[in-house]
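First comes the structure, then the notes that go with it.
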Amino acid sequence: METVPADGLIAASWLLIALPLAGAAVLLLGGRRTDRWGHLLGTGTVVTAFVLGLLCTLQLGGRRVDVELFTFVATGSLDVQAGLLFDPLSALFVLLITGVGALIHVYSIGYMAHDPRRRRFFAYLNLFVAAMLLLVLGDNFVALYVGWEGVGLASYLLIAFWHERPSAATAAKKAFIMNRVGDVGLALAIFLMFAQLGTVSYEGVFGSVGLLAGGTVTAMGLLLLLGACGKSGQFPLQAWLPDAMEGPTPVSALIHAATMVTAGVYLIARCAPIYDATPTARAVVLAVGAITLMIGAIAGCAQDDIKKVLAYSTVSQIGYMFLAVGLGPIGYVAGLAHLLTHGFFKAGLFLGAGSVMHAMGDEVDMRRFGGLAPHMKVTFVTFGLGYLALIGFPFLSGFYTKDAIIEAAFDRGDGWGYLLGGLAILAAGLTAFYMTRLMLMTFFGRPRWEPGVHPHESPAVMTAPMVLLAVGSVLAGFLLVVAFPLEGWLAPVFGEPEAAEHVVAPIVVSVLVTVVMAVGVLTAWLFVGRREVPVTAPVRVSPVTRAARRALYADAVNESLFMRPGQWLTRALVWVDNRGVDGAVNGLAATLGGSSSRLGRTQTGFVRSYALSMLGGALVVAGALVAVTTG
Amino acid sequence: MSLTHYLVLAAILFTIGAVGVLVRRNAIVVFMCVELMLNSVNLTLVTFARASGTLDGQVMAFFVMVVAAAEVVIGLAIIMSIYRTRRSASVDDANLLKY
Amino acid sequence: MNDVVIGTGEAVVFWILGPVALAGALGMVLSRNAVHSALWLVNTMLALGVFYVVQEAPFLGAVQIIVYTGAIMILFLFVLMLVGRDSSDSVVETLRGQRVAAIVLGLGFAGLVGAGVARATQGLPVAGLAAVQGAETSNIEAIAALLFTRYLLAFEVTSALLITAAVGAMVLAHIEREPGTRPTQKELSRARFLTDRPQTLPGPGVHARGNSVATPALLPDGRLAEDSFATGIEPREVEQMPRPTGREQLGTPDAALGTLDPAPSDIPGGRDR
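Chains as they are written, first to last, in our numbering: chain X, 1 to 631; chain C, 632 to 730; chain Y, 731 to 1003.
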C-alpha cells in the first residue's frame, strides 16, 4: 500500500519526538534549578505526547503517512532523508510507548520522591521516550538505528542510575556490551542494504528486496535478527535482561518490560517483507523465539528475586512474540497483540513489584515477603489482575493473545508446528507455575519479613497508574482481539487477514491451555502454597533446580566462551605490547643511548687526546696518499 | 747527498714536534713543539724553493714566520690568562669541554 | 735545466748540523724542565737557520736567527719565568695509553711521510736559485720584489693580522681594575682595628694534639674559644693532654707532659688494658 504525504495534525507528529527530547534537554542542561518542578515537566511532555499521538492516530484511519522532515545525510550516493512513517504499526507503538510511559512517569513521581536525583531520572526517562519514538516512527533504517542506539544509551544510564552500587554499574555495562553485540548486527544489516540496494529507506529497501539474491536476503535477515536478539534479550543474548533489574523499578517496567525490549519484535515485524523473502532467516527467528521461551520460563521458576522472576517472565513472553512473528503472516498480528497486552500487564506487574519493594524497604527477596495481601490491598488486587492476565486466565488479556500465538503455531500445519505449539503450551504451564509461586510467596502465607519492616500501601500517585494498567490488563486482550480486531487495523501494513484454516480448533487450544495453566497453578500451590517457605534458599536441590537458578548457565557460557578468551587475548596482547613492541622500541632507544654515551666517553676534554686522534687521521691520510701514488 | 735528506730531516722534526704535542702537558712546552713543527715546514719550503728555482717558497716561509709570531703572542697571552685563573699551565687541567 | 750539484761542503754542514737539530728536537721533547726544553729548541732553530743560509736563503736564515731564535724564544722564556718555573713536569702519564699511542703513531707517521717524500723526490732535479738571484739582484731584493708585487695583498693582510694579535694579546693579558678600588695598607689597617678583634684569630690550643682547622682553640681556663671555630666545619671535640695540676707533677718533663692514660698499671711491666 502506498504512502501518502502528511496532512493535518500528523504533519506535526515530529513533536512526538521533540517534546520528550526538549524535556530531557531542559532537565539535563537546567541543572539543580529544575529540581523542584523537573518531574512535572518530564511527566507533562510525555502526557502531551500521548494526547498528540492519540489525536494523530484518530486522524490516521488506516493510511500510511510519510512525514518528510529534512535531509539528514546527503553524501555521494548515500541520501538519507529524515522522515517519519506514521502508519498503523507505528501508531500502535506510539500509543503503547506514550501511554504506558505516561503512566510510569506518574508512578515515578511517587516512587522516586525521596531520591535526590529524581530530576535526572526524569530527564533520562524523557530521553528514552524520545529515542524510542524515533525508533518506531523513523521511515528509514538510519533513523531506526539512531533511535536504537538512543534507547540503548538511555537504558544504560537508567540501569546504572544508582551507579554507586557496584552491581548496578556492572549490570549497566553488561547490558550495554551485550546490546553492542546486537547493534553490530543491525549496523551490518544496514551496511548490507546500502551496499546492495543503495538506499536505507523502508520504502526503497522493501520495494526492491525481491531483486536480491537469496543468500543476501538471508544474511540481511540474520543480521537484523542479531540486532533484535540483542535489544530484546533473546537467546543467545538474553543474559543482560535479568541483570538490568538493578535499575529502578519504573525503568524495569517501562524499558525492560513494556517498550524497549519489544523493539526487536517491532524490527522483525517492520521488516516483514525481508523475512517473507527468506524462509531460512524466518525459521531461525522461530527457533530463537522457541528456545528463549523455554529458557525464560524454566529460569523464572527458580528465582527468589521478585524482579528477576518478572524479568525471566519478560524474556519468556518476548520469546512468545518472536515465535509469533517467526511464523510469518499468520503470526504477526498475534505477536503484536501479545506485545501490546504484555506491555500492559507486565508494566503493571513491575509497578506492583515496585510498590511491594517500596513497602518492604527495597527488599527484593520473595523469601522475606509473605502475607502482604491484607496490608496492601490495592497493590494486591492490581498485581493479581496482572498475574491472571499473564498466566492466561480465561477472558483476560493473556488468554486471548497467548492463545492466538499458540493457535498460529499449530496452524503451521506440519510437525514443527505441533512441536512449537506444544512447547508454547508447556511454557504457558511453566508461566502459571512461576507466577503462582510468586503470588503465593509474596502475598499469601505467613509473614517472613525482616524485623522492623512495616508494610504499608503506596501513595495514590503510585497506585493510580497501577489501577489503570490493571484495567488495561483485563480489557486489552478482549478489545484487541475480539472487539476491535487488530488484523483490521494492521491490514495496511501486513495485508488483509486471510480466513485462517485452523488445524486444531481454537476451542480445543483454549481448553488445553487453560487446563495446562490450571495444572501449573495447582503444582505451584502444592509446592509452595501448602508448605512453609524457608527464609533462605535450600542448598540441597535437584540439578534441574540448580540449573534453573543459574538461568541455565547463560552467564557461565558467556564467560567461558567470550569473556575468558577475551581476557586471555587481552593479556596476550598486553604481553606482546609490553615485551615485544615496547621491548623493541625501548631496546633500540637503550642501544642508541648506550652507544652514544659510550661514544661520548671519547670526549674526554683532554686536548692531547683530541690531538692524538688528529695525528691518527693525518697518518691515515698520509698512508692513503702513499698508497694512491705508489699503487 | 741530495735535497731529499733535508726533506726527510724535516719530516722527522715534524713528527718529533707532533709527538711532543701529544706527550707533554706543560702548555708552554706544547707551544714550543708547535713551533718546531712550523720550523720543519719552513725547512721544507726553503728546500723546495731551491729545487724549483723560484723564490715563492721562501716568501711562503716568510709568511709562516709572521703567522707563527702572531700565534705565539696570542697563545702565550691565553696561557697567561689561564694560568691566572687556574694557577696551572698544564693542558690537562683545562678539560671542561667534555661529555 | 741546469742541475745544480750539491757540494761536499754543504754535505758536511748537513751531516754535522742535521744530528744537532735532531738532538735539539728530541732534547726539547724529553727534558722535564721547561727552560731546558726552550734551550734545546733554540739549538734546533739555530741549526735550521744555518740550513736556510746554506740553501740560498740568507734573508730567511737571518730572520730565523734574529726574530725566531732571538725574539720569539725570549718571549717563551719570559712567559715561562712569569708563570713560575716549576722545577720539572711530572713524568707520570695521566692519560692511559697516550704515550704509547703517540710514539707508535709518530713512528708510523715519520716512516710513512719520510719514505713517501724520499721516494717521490729521489733524483729530483735541483734548479737552484742562480737564475733569480745572484750577481745583480740579491736575495733580499728578489724576495722584496716578489713580496711587494705578487704577494702584496697577503703582505698587507699579514700586517692586519699582526696588529690584531698585538691588540688581542693586550686584551687577554690585561687585568681591568677600577682606579682607587684597591685598598691601601693604611685603609686595611684602619678597618682591622675598627673590629672587635685587632689581633689574629687564635690558633689551636697549646695542649691540643692537632692543629687542624676543626680543632678549636682553648682559652686559658680550658674552655673552647668560640671565635676560633672555622666556619662551615663541625668543631671536633678537642683531644687534649691532661693538664698539669700540681708542682710535683712538673718535676720531670715526662710528668709535665702527662699521658692520655695516666694511671700506671699494678702489673709490673705491663698495662692492664
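Think of the CB as a built atom: it goes at the ideal place given N, C-alpha and C, for glycine as much as any other residue.
All figures in this text were calculated on a predicted structure; none of them were measured in a lab.
Would you report the Cα separation of residue i and residue j, rounded to the nearest angstrom?
i              : j              : result
R165 (chain X) : A172 (chain X) : 11 Å
L640 (chain X) : L327 (chain X) : Nothing about residue 640 (chain X) can be reported from this structure: the residues present for chain X run from 1 to 631 only.
L769 (chain Y) : S721 (chain C) : 20 Å
T75 (chain X)  : G138 (chain X) : 20 Å
Q785 (chain Y) : A792 (chain Y) : 13 Å
L78 (chain X)  : L423 (chain X) : 45 Å
R32 (chain X)  : G583 (chain X) : 51 Å
V628 (chain X) : M711 (chain C) : 45 Å
R715 (chain C) : F693 (chain C) : 33 Å
V467 (chain X) : L349 (chain X) : 11 Å
L293 (chain X) : F322 (chain X) : 9 Å
A701 (chain C) : A649 (chain C) : 20 Å
G182 (chain X) : A432 (chain X) : 31 Å
R118 (chain X) : T249 (chain X) : 13 Å
F18 (chain X)  : A130 (chain X) : Checking the sequence shown, residue 18 (chain X) turns out to be Ala, not Phe. Spanning the two alpha carbons is a distance of roughly 7 Å.
C56 (chain X)  : L89 (chain X)  : 13 Å
V519 (chain X) : T545 (chain X) : 19 Å
L625 (chain X) : I905 (chain Y) : 48 Å
Could you list which residues in chain Y have their beta carbon closer than 8 Å to that of residue i, in chain order?
i              : result
A622 (chain X) : F839, L842, V843 and G846
T716 (chain C) : Here the premise fails: no neighbours, minimum Cβ distance about 11 Å.
Name the DSSP beta bridge partners of residue i, please?
i              : result
P5 (chain X)   : X:D66
G138 (chain X) : X:L84
A74 (chain X)  : X:D79
D35 (chain X)  : Beta-bridge pairing links D35 (chain X) to no other residue.
L948 (chain Y) : Y:L954
D582 (chain X) : BP columns for D582 (chain X) are empty, so no partner.
S721 (chain C) : C:N657
D305 (chain X) : X:D365
Under 7 Å Cβ-Cβ, which residues of chain C neighbour residue i?
i              : result
E786 (chain Y) : R681
L954 (chain Y) : Neighbours of L954 (chain Y) on chain C: none; closest Cβ ~35 Å, over 7 Å.
G856 (chain Y) : For the record, residue 856 (chain Y) in the displayed sequence is Val; it is not Gly. Simply L634, R681 and A682.
L592 (chain X) : In chain order: nothing, as chain C lies at least about 16 Å away.
Just to check my reading of the structure: residue i and residue j have Cβ atoms closer than 8 Å, yes? What is that Cβ distance to the nearest angstrom?
i              : j              : result
T678 (chain C) : L634 (chain C) : 5 Å
V710 (chain Y) : L667 (chain C) : Here chain Y has residues from 731 to 1003 only, and residue 710 (chain Y) is not among them.
P372 (chain X) : F478 (chain X) : The residue you asked about is not Pro; residue 372 (chain X) is Leu in the sequence shown. Not a contact, Cβ separation roughly 29 Å.
V660 (chain C) : A764 (chain Y) : 5 Å
M132 (chain X) : I159 (chain X) : That pair is no contact at about 15 Å.
R270 (chain X) : V535 (chain X) : Their Cβ separation, rounded to whole angstroms, is 48 Å, which puts R270 (chain X) and V535 (chain X) out of contact at 8 Å.
L134 (chain X) : A143 (chain X) : 6 Å
V734 (chain Y) : V856 (chain Y) : 5 Å
F128 (chain X) : V151 (chain X) : 6 Å
What does residue i touch in chain Y if you count any residue whose Cβ is under 9 Å from its own?
i              : result
R608 (chain X) : L825, Q828 and A832
G605 (chain X) : Correct list: empty, because the minimum Cβ distance to chain Y is about 11 Å.
Please list the partners that residue i has in chain X, where partner means a Cβ-to-Cβ separation under 8 Å.
i              : result
L667 (chain C) : Per Cβ cutoff of 8 Å: no residues; L667 (chain C) is ~14 Å from chain X at best.
L727 (chain C) : G605
D687 (chain C) : Here the premise fails: no neighbours, minimum Cβ distance about 22 Å.
Which residues in chain Y have a C-beta closer than 7 Å to the C-beta of residue i? List them in chain order.
i              : result
V690 (chain C) : I873, L876, L877 and Y881
V626 (chain X) : L842 and G846
G616 (chain X) : L835
D723 (chain C) : T824
If the cut is a Cβ gap below 7 Å, which residues of chain X does residue i touch?
i              : result
L771 (chain Y) : Under the 7 Å cutoff, chain X gives no residues; its nearest Cβ is about 19 Å from L771 (chain Y).
Extract the residue ranges of the beta strand (DSSP E) inside the segment 762-846 of chain Y, only unbroken runs of 3 or more that lie entirely within it.
none
Would you list, in sequence order, the uninterrupted beta strand (DSSP E) runs of no fewer than 3 residues that lie entirely inside the segment 399-474 of chain X?
none
Can you give, in chain order, each stretch of the alpha helix (DSSP H) that sits fully within the segment 173-240 of chain X and has at least 4 residues? 202-208 and 214-232
*Run through the segment 245-277 of chain X for me and flag every whole alpha helix (DSSP H) of 4 or more residues, listed as ranges in chain order.*
249-253, 263-270 and 272-276
Margin query: So within the segment 325-381 of chain X, which uninterrupted alpha helix (DSSP H) runs reach at least 4 residues, ignoring any that extend past its ends?
Written below: 329-359
* Report the residue ranges of all alpha helix (DSSP H) runs contained in full by the segment 84-156 of chain X; include only those spanning at least 4 residues, in chain order. => 88-111 and 118-137
* To do: Scan the segment 550-611 of chain X and note each continuous alpha helix (DSSP H) run of 4 residues or more that stays entirely inside, going in chain order.
  => 554-558, 564-575 and 582-600
Check your understanding: If contact means a Cβ-Cβ distance below 8 Å, which residues of the segment 643-665 of chain C contact chain A?
Key -> Within the model displayed, chain A is absent; protein chains X, C and Y are what it includes.
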